[in-house]
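All residue numbers for the sequence shown refer to the numbering used here, where the first residue is 1 and numbers rise by one.
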Amino acid sequence: MNAEPEDVVAVGGDDQLETRVDVTDELPEESDPYKRRVAVVLAVLGVLGAWIGVLHMDSANQESYFARQTTRTAVGSLTANLNKEALEGLSTDLDAEADALEMSTKFDPGTPVGANEPKESKEPDQVLAADGVRAGIDSKQRDRLTREFTLNSEREVLKRKALAETRVAYNIRTSQFETVLTTLAAALFLVGFTLVLNRRTRPPVLIPGLLLAVYVAGWAVWIHAKDVPTTAPESIDAAAEAATHLAFGEFAAAVDGYTRAIEADSDFVPAFNGRALASFQISNPDFASTLAIVDTATPEAKQAAADAETAVRLDQEQNFNGLMLSGIFQFHDGDYATAAHRIRQATAINGNAPEAYLTLAATELALGDQVAALDALGTGIDILNPATDSSEARQLTADLFTLLEQVDAAEPERSADVAEVRSVLAAEEAQLAFGPFDPKASTDAKLTLESSSYIGNDLSFEIAYAGLPAESRVSVYVFEQPAKGAPFSQRAELARFETLSGTGTLVSEASVQAACTPVAFRYDVYVDGALANSFDAAGAEGGQTAC
Numbered sequence: 001m002n003a004e005p006e007d008v009v010a011v012g013g014d015d016q017l018e019t020r021v022d023v024t025d026e027l028p029e030e031s032d033p034y035k036r037r038v039a040v041v042l043a044v045l046g047v048l049g050a051w052i053g054v055l056h057m058d059s060a061n062q063e064s065y066f067a068r069q070t071t072r073t074a075v076g077s078l079t080a081n082l083n084k085e086a087l088e089g090l091s092t093d094l095d096a097e098a099d100a101l102e103m104s105t106k107f108d109p110g111t112p113v114g115a116n117e118p119k120e121s122k123e124p125d126q127v128l129a130a131d132g133v134r135a136g137i138d139s140k141q142r143d144r145l146t147r148e149f150t151l152n153s154e155r156e157v158l159k160r161k162a163l164a165e166t167r168v169a170y171n172i173r174t175s176q177f178e179t180v181l182t183t184l185a186a187a188l189f190l191v192g193f194t195l196v197l198n199r200r201t202r203p204p205v206l207i208p209g210l211l212l213a214v215y216v217a218g219w220a221v222w223i224h225a226k227d228v229p230t231t232a233p234e235s236i237d238a239a240a241e242a243a244t245h246l247a248f249g250e251f252a253a254a255v256d257g258y259t260r261a262i263e264a265d266s267d268f269v270p271a272f273n274g275r276a277l278a279s280f281q282i283s284n285p286d287f288a289s290t291l292a293i294v295d296t297a298t299p300e301a302k303q304a305a306a307d308a309e310t311a312v313r314l315d316q317e318q319n320f321n322g323l324m325l326s327g328i329f330q331f332h333d334g335d336y337a338t339a340a341h342r343i344r345q346a347t348a349i350n351g352n353a354p355e356a357y358l359t360l361a362a363t364e365l366a367l368g369d370q371v372a373a374l375d376a377l378g379t380g381i382d383i384l385n386p387a388t389d390s391s392e393a394r395q396l397t398a399d400l401f402t403l404l405e406q407v408d409a410a411e412p413e414r415s416a417d418v419a420e421v422r423s424v425l426a427a428e429e430a431q432l433a434f435g436p437f438d439p440k441a442s443t444d445a446k447l448t449l450e451s452s453s454y455i456g457n458d459l460s461f462e463i464a465y466a467g468l469p470a471e472s473r474v475s476v477y478v479f480e481q482p483a484k485g486a487p488f489s490q491r492a493e494l495a496r497f498e499t500l501s502g503t504g505t506l507v508s509e510a511s512v513q514a515a516c517t518p519v520a521f522r523y524d525v526y527v528d529g530a531l532a533n534s535f536d537a538a539g540a541e542g543g544q545t546a547c
């Protein structure tokens, strides 16, 4: 039996006239089968909406939970970092106090003031032995506490990042479900609106509504089926232990730890970045402090580049630090075009990072584009604010000096361009150190390296000067060579900025905490922002590399 309303045909008279009457609207409302079908569809869509609403609420609750956990972990991370910094500060104070006590004369309060004969003290050997035992105990305890605080700090940082990533994922999921519910409301409206339309005008509205409802159902299932990123606790623990080894220069142990973290969670980006750094420093142990390189062709260096690329892929090329690390490794591998691409991606994510532009300057120079290099250099210097943190400005400048040395060594045909950019960089840092002035070459100044001595970890030098104009701004940069044939590097603490006049001697001492004993030094002296002279000096005795 056909339930659809039929047209009634009336045949009358001899002329066989036909009259068609649409009786659809004359049927009682409860007997209209189309309305019953629409009611069923609307009911199904209502159930679908309720299910999506439950998923939305669950996602919102999870986001709120992980937001609270992230906040708690951030507090724990801050506390761990404060403990670590407090211990480091206390260690520095204790070392300074111990040095002062060793140099002071013993004071006996029982000796009358003005007495000529001091009270006899213990034998020096006995004092030194006692102090040595005390220092040994303190050193072990200090090392244990430093490791413990470093481990706690690294673990809390990794936990915070992992929780934040999960929270962001739930935030995105919640927003997606809100969009799905909005779209479902549109489908409900279209289907329901057909109830007030006649049969001929229903299809153009009904069909899009039904298609939209099917699309919404599939979209909701797809969102629900997507995995929310989580990090295994054992992966975080292994990576925190590896980061502690890395901080103490134990690179092989760090690589092993990061490998365990990757085995526990193959998508854990910090483990890939960490293993990249640790692997590269096995053959280039001063890289983290000065960007110094010894050998970039080792299997460990190749593994570092591969791990950095994996981290970039897992982060969908959206992590600033990962892109910068990848760019640096590509730079050392000689692939300057890819390095420049990665660094530009990093600047697109964070356009206020001076280190990205300074690194880009060296990369553009290696590509032979001096104009682009100077432009990137200018942008990086404009971003630097030495009034806020002069130590950061000095460190970044030292890093760029090191990168320029590496370009000069790898691309000898760029030496003239490197020298020009190096002079611009020195002049700009002089402006930061001394205040604005007009750089100019000093023709009358005479500079001589009187002495250069490197014993243990202590570097001392004397530079004699004569004929300096009044209030000359003198910048001295000390470059160290980590191994024979390796590019020189510039350590942040090996730079002096002095205002000098006439004739005299500049005397300086510094402690060089290098993993690779420098085999040679170079002193570049600038007067009023212009290179005045450069001196070469021997490094470690015998010129042998010791890493």
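C-beta atoms are modelled at their ideal positions from N, C-alpha and C, and glycine is treated no differently. All figures in this text were calculated on a predicted structure; none of them were measured in a lab.
Buried or exposed (CB count within 10 angstroms, at least 16 for buried), residue i
i	result
G529	buried
Q318	exposed
I207	exposed
A225	exposed
A353	buried
Q513	exposed
D444	exposed
D382	exposed
G368	exposed
Q316	exposed
D458	exposed
K159	buried
G539	buried
S501	exposed
V407	buried
L360	buried
V41	buried
S283	buried
F189	exposed
N152	buried
D399	buried
L197	exposed
G485	exposed
A393	buried
Start and end residues, alpha helix (DSSP H) containing residue i
i	result
K559	The chain is shown only over 1 to 547; residue 559 falls outside these bounds and no answer can be derived.
R394	390–410
D382	370–383
D437	The amino acid occupying residue 437 in the given sequence is Phe; Asp does not appear at that position. Taken as a continuous stretch (DSSP letters only), F437 belongs to no alpha helix (DSSP H), as it is neither H nor E.
Where residue i falls: helix, strand or coil (DSSP)
i	result
V294	coil
P354	helix
L447	strand
D333	coil
G467	strand
D536	strand
D32	coil
L459	strand
F107	Any answer about F107 is weak, because its pLDDT of 42 lies below 50 and its placement is not dependable; what the coordinates show is given next. The answer is coil: DSSP assigns F107 none of H, G, I, E or B.
F287	helix
Top-ranked residue by Cα proximity to residue i, from the options
i	options	result
A372	F401, A340, R394, E156	A340
E429	E462, F329, R496, V519	R496
G192	K35, A398, T397	K35
F177	T363, D417, A50	A50
R142	T183, E85, R167, A301	E85
T244	T230, A217, A39, G274	G274
A264	F329, S235, V525, Q330	S235
V527	N198, S423, L365	S423
V47	A185, D237, F320	A185
E165	F287, R147, T231, T174	T231
G327	R342, L78, A337, F320	R342
T505	S534, S451, Q490, S415	S451
T363	D32, M324, N350	M324
V205	V38, Y477, T503	V38
G53	E148, S139, V474, S175	S175
Any chance you could list the alpha helix (DSSP H) runs of at least 4 consecutive residues sitting entirely within the stretch 199–279, in chain order? 203–225, 233–247, 251–264
As an exercise, report each continuous alpha helix (DSSP H) stretch of at least 4 residues that is fully enclosed by the stretch 481–534, in chain order. none
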